[in-house]
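Accompanying notes for the structure given below.
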Amino acid sequence: MKANLVSAIKPTREPTRRVLIGSLIALTSLLAACGNDKTDSTASVATEAPMSTDVAGGSPQRIVSLSPTHTEILYAIGAGDQVVAVDSMSNYPAESAAVLTDISAYEPNVEAISALEPDLVVIGDDFSGLAEQLSAIGIASWVSPAPLTLDEAFQQIDDLGQVVGHADEAANVTQKMKDDIAGIVSDIEAPATPVTYYHELDDTYYSITGNTFIGSIYELFGMRNIANATEGDTDYPQLSAEFIVSQDPNIIFLADVNCCGATAENVAARPGWSDLSAVVSGNVVALDDDVASRWGPRLVDYVQAVADGLSTFVKSQG
Amino acid sequence: MLAEQVRDSERSWWVPAACIMLAVAFLFGAMVGPAGPAWWRVPAELLNHLPFIHIKTGATELQSTVLWQIRMPRVVLAGIVGSMLSIAGASYQGVFRNPLVDPYLLGVAGGAGLGATVIIVAGRASSSSWPVDPLPIAAFVGGLIAVMITYSVGAAFGAAKSSATLVLAGVAVTSLATAIQTFMLQRNTDVVRQVYSWILGRLSTATWHDVRLVLPYVVVSTGVLLWHRRLLDVLRVGDDEAQSLGARVDRIRLTVVIAATLGTAAVVSVSGLIGFVGIVVPHLVRLLAGSSYRRILPLTVLLGAAFLIVADIPGRILSDPAETPIGVVTAFLGAPFFIIVLRSRQGASR
Numbered sequence: 361m362k363a364n365l366v367s368a369i370k371p372t373r374e375p376t377r378r379v380l381i382g383s384l385i386a387l388t389s390l391l392a393a394c395g396n397d398k399t400d401s402t403a404s405v406a407t408e409a410p411m412s413t414d415v416a417g418g419s420p421q422r423i424v425s426l427s428p429t430h431t432e433i434l435y436a437i438g439a440g441d442q443v444v445a446v447d448s449m450s451n452y453p454a455e456s457a458a459v460l461t462d463i464s465a466y467e468p469n470v471e472a473i474s475a476l477e478p479d480l481v482v483i484g485d486d487f488s489g490l491a492e493q494l495s496a497i498g499i500a501s502w503v504s505p506a507p508l509t510l511d512e513a514f515q516q517i518d519d520l521g522q523v524v525g526h527a528d529e530a531a532n533v534t535q536k537m538k539d540d541i542a543g544i545v546s547d548i549e550a551p552a553t554p555v556t557y558y559h560e561l562d563d564t565y566y567s568i569t570g571n572t573f574i575g576s577i578y579e580l581f582g583m584r585n586i587a588n589a590t591e592g593d594t595d596y597p598q599l600s601a602e603f604i605v606s607q608d609p610n611i612i613f614l615a616d617v618n619c620c621g622a623t624a625e626n627v628a629a630r631p632g633w634s635d636l637s638a639v640v641s642g643n644v645v646a647l648d649d650d651v652a653s654r655w656g657p658r659l660v661d662y663v664q665a666v667a668d669g670l671s672t673f674v675k676s677q678g
Numbered sequence: 022m023l024a025e026q027v028r029d030s031e032r033s034w035w036v037p038a039a040c041i042m043l044a045v046a047f048l049f050g051a052m053v054g055p056a057g058p059a060w061w062r063v064p065a066e067l068l069n070h071l072p073f074i075h076i077k078t079g080a081t082e083l084q085s086t087v088l089w090q091i092r093m094p095r096v097v098l099a100g101i102v103g104s105m106l107s108i109a110g111a112s113y114q115g116v117f118r119n120p121l122v123d124p125y126l127l128g129v130a131g132g133a134g135l136g137a138t139v140i141i142v143a144g145r146a147s148s149s150s151w152p153v154d155p156l157p158i159a160a161f162v163g164g165l166i167a168v169m170i171t172y173s174v175g176a177a178f179g180a181a182k183s184s185a186t187l188v189l190a191g192v193a194v195t196s197l198a199t200a201i202q203t204f205m206l207q208r209n210t211d212v213v214r215q216v217y218s219w220i221l222g223r224l225s226t227a228t229w230h231d232v233r234l235v236l237p238y239v240v241v242s243t244g245v246l247l248w249h250r251r252l253l254d255v256l257r258v259g260d261d262e263a264q265s266l267g268a269r270v271d272r273i274r275l276t277v278v279i280a281a282t283l284g285t286a287a288v289v290s291v292s293g294l295i296g297f298v299g300i301v302v303p304h305l306v307r308l309l310a311g312s313s314y315r316r317i318l319p320l321t322v323l324l325g326a327a328f329l330i331v332a333d334i335p336g337r338i339l340s341d342p343a344e345t346p347i348g349v350v351t352a353f354l355g356a357p358f359f360i361i362v363l364r365s366r367q368g369a370s371r
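Line by line, the protein sequences give chains A and B. For what it's worth, the numbering used here labels the leading residue of the first sequence as 361, then goes sequentially. For what it's worth, the numbering used here labels the leading residue of the second sequence as 22, then goes sequentially.
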């Protein structure tokens, strides 16, 4: 009964640990694997959608969340009381701290999870075949990797709401998110010429293209990503410093504030960056790394941050 | 003796040839990139930075900035790192009389990687207000500590004159450091990408500050190693024989190892781990110019710099405007190139 709940996703990536120990060649294969994100997640989401919720005849009461985004969603849709444990990276909302464990979402320990006696394990990316292992010991799981579009993100919230028995609250949350985002977008008058931006993931200039989920947020405002010029097969390219400086983006969004200590000041101090128009006219926007990489209810905050950055830019143009 | 001199004169043209190669590599490295001035404007742009020279090159200010603030530090740093890793590799191979040895042998890489991981895990965000980036310092210190442990372990158990104990101790220390690093990464999966990009080489974010940071160590280290090049030739006959010739083998070995390690740790701290250079370049030099360290060491300095400058070019343009990590390129280009040279050399039967 429980076993058929488990999604039939086959893990397509190597376990992270082995790659870590491996040689440089192996390291690159992981980078290459990261580049495959797009195909991976599309495939998984597609096989995922229909999900029955008859966990022992009712909604699950002992949920373990191994994904920070889904932890945020669970609490937002009123399923917080059913959550018995969250993974080490789940740091929001504050209530989830009470059930914080040091279980790693990347290297999940099946025994440690089973000791929590969960009736549902919520998994983001299944790197290590965890769903299969759990199903072998009769524990249900729900796998849902990063979405590619806003609609997929809303769909995930709705799906998770159904799985945990809070379909109505989930529908309310997504409706409110849709309304809020639409309101933010309509409040802003987009300039006639597309505003260019650079979204920084770390201080070695890893970035995103417009094809990513993060990129789709900027698309809402008709902004143009400078990294779209990359023709590689990855949507997470490492840009060269020369390129960024020569593109002179209108706005610089820093999503490496928590990880790498990026600030508007130390960006200005980088060689060659002090003359960039975004730096000169104060259009360097520091984001919250977490908000800018998760697709839960705080997505609205992210959209708002982008909108604020855009309106500051429009004002700075006079 | 006479034969040796004849061969010397035959091969003396290698030093000027290597100088020319380095100059060409440097110029080529300065000309190629995704942005910046057109390639034919680059030489004049560079001359402008010499005192009392003002040439109107027609490049925009932005292009000059890209060339001088972004590309040149990268080219110069690649040269410094390449020459340091190469001469350190050649010296290690000399003192250990083992052709498979590379400058990371005694645990510099493992220790530096661990140091970098520790500082990244501890959170560089808290250091954003610091005047200096703690990452290179942590990597440098980690590398030195690892080698110190290796050496003390090797010395404690290796009372015999064999250097094998030292090499094995290096292997053990490297494994230990890597294990701790892996454990820390596993506990802090959010920093995995940052540690990767450090491991895969950081030439892409090189600054003049990095160059100033490592240059003193590299100059001192290279100077000491070049000073010892004749003694390395003496060591080639074996420890006992060298001893009987009056060489103080243990002291030479210790000095060379310290100098090579110091320089390697310094460059690793700013460039990350760039594999293969320390093995390929010394062996290429041996194949081309014979086995005397008097010739090998100066040539590795020149050709090592040229090799890494050239190896960094595909990283810039292969997936322009994205980057390909230098560590990948060196191994990817270096390995087949080396195999070809090895084959053709054996075919020619020296």
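A virtual CB, placed ideally from N, CA and C, is assigned to each residue, including glycine.
When rounded, the separation of the alpha-carbon atoms in B:V362 and B:P120 is 16 angstroms. Interface criterion met: the Cβ of A:P631 is under 9 angstroms from a Cβ in chain B.
Contact check for A:A465 against A:P453 fails: the beta carbons are separated by 9 angstroms or more. Contact between B:V291 and B:P157 is confirmed by a C-beta separation of about 5 angstroms, below the 8 angstroms threshold. Sequence-distant Cβ neighbours of B:R208 in its own chain, meaning closer than 6 angstroms and more than five residues away, do not exist here. Between the alpha carbons of B:G244 and B:L318 lies a gap of roughly 11 angstroms. Considering only A:S576, A:Y566, A:S425 and A:E602, the residue with the shortest C-alpha distance to B:T228 is A:E602.
Between A:S600 and B:P155, the beta carbon gap of about 25 angstroms keeps them out of contact (Cβ cut-off 8 angstroms). In this model, B:R223 and A:S495 are separated by some 43 angstroms (Cα to Cα). Runs of alpha helix (DSSP H) with 4 or more residues, each lying fully within the stretch 586 to 636 of chain A, are found at 601 to 607, 617 to 620 and 624 to 628, listed in chain order. One finds nothing in chain B with a Cβ atom closer than 7 angstroms to the Cβ of A:T431; even the nearest lies about 15 angstroms away. As for any alpha helix (DSSP H) of minimum length 4 sitting wholly inside the stretch 319 to 344 of chain B, there is none. Here A:H559 is bridged, per DSSP, to A:F613. At least one CB atom of chain A sits nearer than 9 angstroms to the CB of B:R223.
The DSSP assignment places 470 to 475 and 490 to 496 as complete runs of the alpha helix (DSSP H) inside the stretch 446 to 506 of chain A, in order along the chain (cut-off: 4 residues).
Residues of chain B with a Cβ closer than 8 angstroms to the Cβ of A:M449 are, in chain order, T210 and D211. Residue contact check for B:V87 against chain A: a CB pair falls below 9 angstroms.
At least one CB of chain B lies nearer than 9 angstroms to the CB of A:E467.
When the beta-carbon positions are compared, B:P58 and B:S85 come within less than 9 angstroms of each other. Around A:N469, the same chain offers I463 as residues with beta carbons nearer than 7 angstroms, after the five sequence neighbours per side are excluded.
DSSP assignment within the stretch 25 to 71 of chain B yields the following whole alpha helix (DSSP H) runs of 4 residues or more, N-terminal first: 35 to 52 and 63 to 68. Apart from the 5 residues on each side of it in sequence, B:I141 sits with its Cβ closer than 8 angstroms to the Cβ of L156, V212, Q215, V216 and W219 in its chain, given in chain order. Judged by DSSP secondary structure, A:V524 falls outside any beta strand (DSSP E); it is assigned neither H nor E. Segment contact: the stretch 574 to 591 of chain A against the stretch 553 to 564 of chain A, three or more CB-CB distances shorter than 8 angstroms; contact assigned. Sequence-distant Cβ neighbours of A:I577 in its own chain, meaning closer than 7 angstroms and more than five residues away, are Y662, V663 and V666. A:P478 sits buried, since 16 or more C-beta atoms from the chains shown fall within 10 Å of its C-beta. Rounded to the nearest whole angstrom, the CA to CA distance from A:W502 to B:E66 is 59 angstroms.
For B:P346, at least one C-beta of chain A is nearer than 9 angstroms to its own C-beta. Identification of residues in the stretch 86 to 115 of chain B having a C-beta nearer than 9 angstroms to some C-beta of chain A yields T86, V87, L88, W89, Q90, I91, R92, P94 and R95, given in sequence order. Distance between A:G543 and A:V660, taken at the CA atoms: about 10 angstroms. Excluding its 5 nearest sequence neighbours in each direction, B:V97 has C-beta neighbours in its own chain below 6 angstroms: V232, listed in chain order. Below the 8 angstroms Cβ cutoff, chain B contributes P342, A343 and E344 as neighbours of A:L599, in chain order.
Residues of the same chain with a CB within less than 8 angstroms of the CB of A:N610, apart from the 5 flanking positions on each side, are V555, T556, Y557, S637, A638, N643 and F673 in chain order.
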